[in-house]
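S.K.:
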Amino acid sequence: MRLFLKAILGPELHHIHAGPFRGHYIPTRVERYSSYVLLATRCVWILFKIYSPIWLLGAFYRHGFALDEVYAKDMGWLRPFGFVVAVAGAAVLVQGVGRRSNPQYTTFLRTFLEHRKNPTKESRLQLLKMYDFEFASLPVEYLASAPLKKPILSPMANRSMGRLGIVWKIIGYVLLKTIGRRMLYPGSLQIMKAMLMPALRDGRAKFIESRNLNTKRAKIRTFDGSFIDTLFVDNRHTLDQKGRTLVICCEGNAGFYEIGIMATPMQLQYSVLGWNHPGFGCSTGEPLPSQELHAADAVMRYAVEHLGFGEADVMVFAWSIGGYPASWLASAYPQMKGVVLDATFDDLLPLALARMPPAMSTVVKHSVRTYLNLNVAELLCQYNGPILLIRRTMDEILSVHDSEVKALVNRGDVLLKMILSHRYPQIVNQETFPLLNAWLRAEPNSKRALEAEYLKDSQSSPIHTWNSLLVETAMASPRDVVFPLDIGGKLDLDTRRKLTIYLAHLYMKDLQETHCTQLPKELFTDPWHPTRTM
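1182 is the number of the first residue of the sequence shown in our numbering; add one for each residue after it.
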């Protein structure tokens, strides 16, 4: 009887990683039918939450806001709702009967209850190595107990918006909650999660069950209360020195660690830590800037405080919108080994304006700057460590029309220009921008011709000039560098043009692909830094 009661309230089991029942969990027919009934009641509950406030407001309006009248004439609909609740309760009991009669579930339940009774590290690892079950019931591996190292600032927070300021805030907030967040992070949509969940479970199982990988799934709690689903691949035990470097992967707006960018650094034998955005996959919360950064911060603290990596041994790899939490981590943890950004933009606002009607530009601007200020370039300019940008030359997502050049411009180009002009203002500036723009817009053959002209190997080459400049600064390691560097101001324009192309080709690599293809492992390299040429 006790096990039956536990089966009624027990977590949902999805996959069995080891043992005689290895594979997808196979529910009994009774379990399957009762789960369909529970799914239907959940849909009814969602519709009730959406429409009941509107219906109640209409009912009060019809009856002059008289509570007695509303209760007497308009509350009859509660009877069928009570029937739905009764059906759901019966389905839960029937599901418990099915679980109790299923040897797969009872074996899992005994292991689960044993861990609850004696929650040791060993029992937790065994439980997660053997079973994939309801995320809400997973034990918490790590709790972030400190606030963000770097505060989140909105440029509109302290700016007066006139008499209509409160109106703009309300409109912006409504836009954010209705279509803004859903357009920006489609991976958090319930329909998207429902469609992809089988693939995510299969991807997770592939990682955990692989005999060639030392993996560990963990649930971590952020300082603001969300729970983040993570997967760690530990390669520190291998002979390859790359395994001592941890690559934290930040996915895109429809990316998940189970089927995302982790594969690229894993192929190169790095240790890798993947995580899902708040509201993505099994992670809880919503993918809003504050929650995004709390999640990224918790993942970083987990890597350093729990997994035992030094801050200088951590590198961040981000794709698309994942560049925002990655750039914040770089600004908050300055000793990080480096940042690799694939198909990332400089600022969300130009992309948002390009995809919304011109008549909504004012509303979009206030909404983005107040609630969704993904200022990647600004954050990267606060980081003094190594950076590598990967640009997709056929990127259909980051390309927007630029009225000045009257052509499509990849926002990754703007990101590169902002980084270089911040770090080397005496070299990369308005005088050398025309050549840099030509290099960025050139076709592959034309680009190779430009590089052959400006990067030829000789005593007068930019490499020799650059090394001479660095010797004068007496820098020994990346920790000695504080940008912007005051070098190159006395050089003639032709030399500064050569150095501009030299720096650009070191900071950015091209990939002849669209936005969503997997990054080839050949392009994932340690980011360049001025001191590495010495």
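Think of the CB as a built atom: it goes at the ideal place given N, C-alpha and C, for glycine as much as any other residue.
Since this is a predicted model, take the numbers as computed values, not measurements.
Would you mind giving the Cβ-Cβ distance between Gln1472 and Asp1405, rounded to the nearest angstrom? I have them listed as a contact below 8 Å.
M.R.: The pair is a contact, with the Cβ atoms about 6 Å apart (cut-off 8 Å).
S.K.: Leaving aside the five residues before and after Ser1639 along the sequence, list all residues of the same chain whose C-beta is less than 7 Å from its C-beta, in chain order.
M.R.: Note that Ser1639 scores a pLDDT of 49, beneath 50, so its modelled location is shaky and nothing firm can be said.
S.K.: Taking the alpha helix (DSSP H) that Ala1380 belongs to, which residues open and close that run?
M.R.: Unbroken alpha helix (DSSP H) run through Ala1380: 1371–1390.
S.K.: Does the beta-carbon of Ala1134 have 16 or more other beta-carbons within 10 angstroms, so that it is buried, or is it exposed?
M.R.: Nothing about residue 1134 can be reported from this structure: the residues present for the chain run from 1182 to 1715 only.
S.K.: Are the Cβ atoms of Asn1395 and Gln1450 separated by less than 8 Å?
M.R.: Their beta carbons are not under 8 Å apart, which means Asn1395 does not touch Gln1450 by this criterion.
S.K.: If we ignore side chains and look at the alpha-carbon of each, how far apart do Lys1628 and Glu1634 end up?
M.R.: Those two C-alpha atoms are separated by around 10 Å.
S.K.: For Glu1315, which residues from the same chain have a beta carbon less than 6 Å from its beta carbon, with the 5 sequence-adjacent residues on both sides left out?
M.R.: Here the set comprises Pro1192, Glu1193.
S.K.: For Thr1209, which residues of its own chain have a beta-carbon under 7 Å away from its beta-carbon, when the five flanking residues on both sides are left out?
M.R.: Within the same chain, Thr1209 has close Cβ partners Gly1279, Ser1282, Asn1283.
S.K.: Output needed for Gln1448: all residues of its chain with C-beta closer than 6 Å, excluding positions within five of it in sequence on either side, in chain order.
M.R.: Cβ within range, chain order: Lys1702.
S.K.: Quick check: does the Cβ of Lys1330 come within less than 7 Å of any heavy atom belonging to the ligand ATP?
M.R.: With respect to the ligand ATP, the structure shown offers nothing to examine, as it has no ligands at all.
S.K.: So, using beta-carbon positions, are Gly1163 and Met1311 closer together than 8 Å?
M.R.: Because the chain here runs from 1182 to 1715, residue 1163 falls outside it and cannot be looked at.
S.K.: Could you round the C-beta distance between Arg1402 and Val1480 to whole angstroms and report it? I think they count as a contact, below 8 Å.
M.R.: The Cβ separation is near 11 Å, so there is no contact.
S.K.: Which value, in whole angstroms, describes the spacing of the CA atoms of Arg1425 and Val1211?
M.R.: Near 49 Å, if we compare the C-alpha coordinates of Val1211 and Arg1425.
S.K.: On the premise that Val1609 lies in contact with Leu1684, defined as a C-beta separation below 8 Å, what is that separation, rounded to the nearest angstrom?
M.R.: Sure, about 7 Å apart at Cβ, within 8 Å.
S.K.: Within a Cβ cutoff of 8 Å, which residues of the same chain sit near Leu1589, ignoring the five residues on either side of it in sequence?
M.R.: Only Ser1580, Val1581, His1582, Asp1583 meet the Cβ criterion.
S.K.: What does His1196 pair with, by DSSP beta-bridge criteria?
M.R.: Answer by DSSP bridge pairing, in chain order: His1205, Asp1313.
S.K.: Going straight from the alpha carbon of Asn1554 to that of His1547, what length do you get?
M.R.: Going from the Cα of Asn1554 to the Cα of His1547 covers about 10 Å.
S.K.: Buried or exposed: Ala1524, going by 16 or more other Cβ atoms within 10 Å of its Cβ?
M.R.: Ala1524 should be labelled buried.
S.K.: Give the single residue among Ser1452, Ile1429, Ile1440 whose Cα lies nearest to the Cα of Leu1420.
M.R.: When only C-alpha atoms are compared, the closest one is Ser1452.
S.K.: Thinking just about the alpha-carbon of each residue, which of Glu1486, Phe1202, Ile1442, Thr1676 is nearest to the one in Leu1704?
M.R.: Taking only the C-alpha atoms, the option nearest Leu1704 is Ile1442.
S.K.: Is the beta carbon of His1205 less than 8 Å from the beta carbon of His1198?
M.R.: In this structure, His1198 does not lie closer than 8 Å to His1205 by Cβ.
S.K.: Hey, could you find the ends of the alpha helix (DSSP H) Ile1600 is sitting in?
M.R.: Per DSSP, Ile1600 belongs to the alpha helix (DSSP H) from 1592–1604.
S.K.: Are Asp1576 and Thr1698 closer than 8 Å when you measure CB to CB?
M.R.: No.
S.K.: CA-CA distance, Val1348 and Val1549?
M.R.: Val1348 and Val1549: Cα-Cα distance of roughly 15 Å.
S.K.: With a threshold of 7 Å on Cβ separation, who are the neighbours of Lys1187 within its own chain once the five nearest residues in sequence on each side are excluded?
M.R.: Result list for Lys1187: Leu1290, Leu1294, in chain order.
S.K.: Can you list, in chain order, the stretches of the alpha helix (DSSP H) that have 4 or more residues and sit fully within the stretch 1443–1482?
M.R.: Counting whole runs of 4 or more residues, the stretch 1443–1482 contains the alpha helix (DSSP H) stretches 1444–1448, 1470–1482.
S.K.: Out of Gln1607, Leu1700, Leu1616, state which residue places its alpha-carbon closest to the alpha-carbon of Asp1667.
M.R.: Ranking Gln1607, Leu1700, Leu1616 by Cα distance to Asp1667 puts Gln1607 first.
S.K.: With distances taken between CB atoms, is the gap from Val1662 to Thr1712 smaller than 8 Å?
M.R.: Yes, they are a contact pair.
S.K.: Between the stretch 1516–1531 and the stretch 1491–1504, can you find at least three pairs of beta-carbon atoms closer than 8 Å?
M.R.: These segments touch.
S.K.: With DSSP as the reference, label Val1663 as helix, strand or coil.
M.R.: Coil.
S.K.: Please list, in chain order, all residues of the same chain as Pro1531 whose beta carbon is under 7 Å from its beta carbon, the five residues on each side excluded.
M.R.: The residues are Val1581, Arg1592.
S.K.: I'd like the span of the beta strand (DSSP E) that includes Asp1410, first residue to last.
M.R.: First-last of the beta strand (DSSP E) with Asp1410: 1408–1414.
S.K.: Work out the CA separation of Thr1706 and Glu1467 for me, nearest whole Å.
M.R.: Their Cα atoms are separated by approximately 32 Å.
S.K.: Just mark Lys1302 as buried or exposed, buried being the case when its beta carbon has 16 or more other beta carbons within 10 Å.
M.R.: Exposed, because fewer than 16 other Cβ atoms sit within 10 Å of the Cβ of Lys1302.
S.K.: Pick from Leu1569, Val1495, Tyr1438: whose alpha carbon is nearest that of Tyr1688?
M.R.: Tyr1688 has its Cα closest to that of Leu1569, out of Leu1569, Val1495, Tyr1438.
S.K.: Verify whether the separation of the beta carbon atoms of Ser1216 and Gln1285 is less than 8 Å.
M.R.: Result no, Cβ atoms of Ser1216 and Gln1285 do not sit closer than 8 Å.
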